[in-house]
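Taken in order, the sequence shown gives residues 3 to 198; the numbers are from the numbering used here. C-beta atoms are modelled at their ideal positions from N, C-alpha and C, and glycine is treated no differently. Only a predicted model underlies this, so the values are computations on that prediction, with no experimental measurement involved. Have a look at the structure below, then the notes.
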Amino acid sequence: MNSKLYMAKIIVLLLISITTSKAQFLDEFKKDKIDGWFTMVGDGTPEMKFIPHEDYATIFIDGTKDKYNVYWTLIKRDVTKWLDLTKLNDPNYQLRVEAKVRVHNAPRRLNFMVNTNRTTNFHIDLMEFDIPDTTNWHVISMTTKKFDAKPGDTVYVQMAATDYGLEKYQIDIDYYRADIVNIKEAGPDKGILVPY
């Protein structure tokens, strides 16, 4: 094979891999404020804050005023404008969410959920993850199986901490990304997955 042709093929493959690895939605929390995310709590009386730091963000949960430890807390945002929902017409494409997280109390469990403005069953596209330690950052990801989103829908991504306890807790997030991926090329999900 001609060496110039061989090098041209290598360059094309590198460009393809760089293009395909770029996140469609990516928040690296590098700003001095949290932008676009909102917080929600329920089934109890925990307090929650989403706090920016330099190069990461922290979810702060105060469960000291809660009585039963059956509460949920979550961060959520609309990622619609970054995604090409027409790709989901092809069964080879699904939505994948991924985050790099660190907990300050372990072991603990986090979960991902994705939904749309039409979602009525909020447990279909949900996955939990065990986070075993407080010393390491952990990359976790979830790929949907049959995500029901189409052009015109609003797509929300979220990360939740539930039943964390009756004290104060912190979860650091280095980044959060969302991509519509080809499931035949995307590889397996990351982290210690615990199906809900």
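1. Rounded to a whole number of angstroms, what is the C-alpha to C-alpha distance between Leu-15 and Asp-191?
2. Tell me whether Leu-90 sits in a helix, a strand or coil according to DSSP, three-state version.
3. Taking only three categories from DSSP, how would you classify Trp-74?
4. Measuring alpha carbon to alpha carbon, tell me which of Lys-186, Ile-175, Leu-195 ends up nearest Pro-93.
5. With DSSP collapsed to three states, give me the class of Thr-136.
6. Fully enclosed by the region 93–159, which beta strand (DSSP E) runs are 3 residues long or longer?
7. Please classify His-140 as buried or exposed, where buried requires at least 16 neighbouring CB atoms within 10 angstroms.
8. Under 8 Å: do the region 143–150 and the region 46–53 share three or more Cβ pairs, one atom per stretch?
9. Report all residues from its chain with a CB closer than 8 Å to the CB of Asp-57; omit the five preceding and five following residues, and keep chain order.
10. What three-state label does DSSP hand Thr-82 in the structure shown?
The short version:
1. At Leu-15, the pLDDT of 45 sits below 50, so the modelled position is not reliable and the matter cannot be decided from this model.
2. helix
3. strand
4. Lys-186
5. coil
6. 95–105, 110–118, 128–133, 140–145
7. buried
8. no
9. Glu-30, Phe-31, Lys-32, Asp-176
10. helix
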